[in-house]
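Structure first, then comments.
In the numbering used here, the protein residues as written are 9 to 292.
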């Protein structure tokens, strides 16, 4: 009987290992494909200059800056709101039907197509609040797109903290908020940062939400304020592949933009991973 269980366990481990290999293979294949197609156009001028000659020459610096602004704005909006919502749901509300309904609703919201969020941002932020097509409208819309992911990941991280730690803190005379601030949040921070990392990748790569709220087809300069339109790498890739009279030149630039977008996401995510690992070392 024990031998049969060992065999089943080995088969299960083998299947899991095979799935990991397949996942890594396709990830490596995507990175290799984009790198081969995009590396030929990457240069210092491509990274620092503005587009020229109907976006067939020059660089994509405004799109890089715009992507960074939109992603940063989305995180600054969604992270505090998502963190506060998750803390309230996990630490202050009594367990019951209402809380479970809210959690299910949040999970369902994460599955809404991004184009729907784009139309919502157009109706609310662009038209109703009068922010216009701008960095602010795009950042708020992207913030709503990633908000369910941040809330869900933060809730999972908070619920993973043992209840005994909370009880020990309260028994020593700490208040509820002191326990959350000084004990629960630092312990759950690595898990929270995992959600932030995933959110960064989604916010940086979204096209549909910024299509209606922030993106400009072409700009010769950089945005001057949060109420300015902005170029962004995802929309720039879309424009290069669907518009224009020079598809051969534009296709190469589109692959170059894809490679830069990949680097940008990896750079920001790497910074978040570095912070997460440091926190794990401190609280491990």
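For glycine and all other residues, C-beta sits at the position ideal for the given N, C-alpha and C.
Using C-beta distances below 7 Å, list every residue in its chain close to residue i, excluding the 5 sequence neighbours before and after it, in chain order.
i	result
residue 49	260, 261 and 264
residue 208	79, 83, 273, 276, 277 and 280
residue 257	64
residue 57	66, 67 and 69
residue 122	153, 214, 216 and 217
residue 46	263, 264, 266 and 267
Leaving aside the five residues before and after residue i along the sequence, list all residues of the same chain whose C-beta is less than 8 Å from its C-beta, in chain order.
i	result
residue 187	174, 177 and 178
residue 236	142 and 143
residue 206	157 and 161
residue 182	190 and 191
Identify every residue that forms a DSSP beta bridge with residue i.
i	result
residue 65	60
residue 238	223
Would you grab the beta carbon distance between residue i and residue j for me? Rounded to a whole angstrom, and I think it's under 8 Å.
i	j	result
residue 53	residue 67	6 Å
residue 218	residue 240	6 Å
residue 211	residue 150	5 Å
residue 169	residue 204	Their Cβ separation, rounded to whole angstroms, is 17 Å, which puts residue 169 and residue 204 out of contact at 8 Å.
residue 215	residue 242	4 Å
residue 152	residue 125	6 Å
residue 110	residue 97	6 Å
residue 86	residue 155	5 Å
residue 226	residue 59	7 Å
Which residues mark the beginning and the end of the alpha helix (DSSP H) in which residue i is found?
i	result
residue 161	143-167
residue 190	No alpha helix (DSSP H) holds residue 190; DSSP gives it neither H nor E.
residue 110	105-118
residue 172	171-179
residue 136	Run containing residue 136: none; DSSP gives neither H nor E here.
residue 124	122-129
In its own chain, which residues sit with a C-beta less than 6 Å from the C-beta of residue i, not counting the 5 before and 5 after it?
i	result
residue 249	262
residue 81	147
With a threshold of 8 Å (Cβ to nearest heavy atom), would residue i be considered close to the ligand SAH?
i	result
residue 30	Annotation note on the ligand SAH: not contained in the displayed structure, which lists no ligands.
Okay, do the stretch 192-209 and the stretch 128-146 touch, 3+ Cβ pairs below 8 Å being the bar?
no
I want to know whether the stretch 66-75 touches the stretch 224-238 - three or more CB-CB distances under 8 Å.
yes
Evaluate contact between the stretch 157-174 and the stretch 112-126, counting only Cβ atoms and requiring at least three cross-stretch pairs below 8 Å.
yes
Please confirm if the stretch 218-227 is in contact with the stretch 138-148, defined as three or more CB-CB distances below 8 Å between the two stretches.
yes
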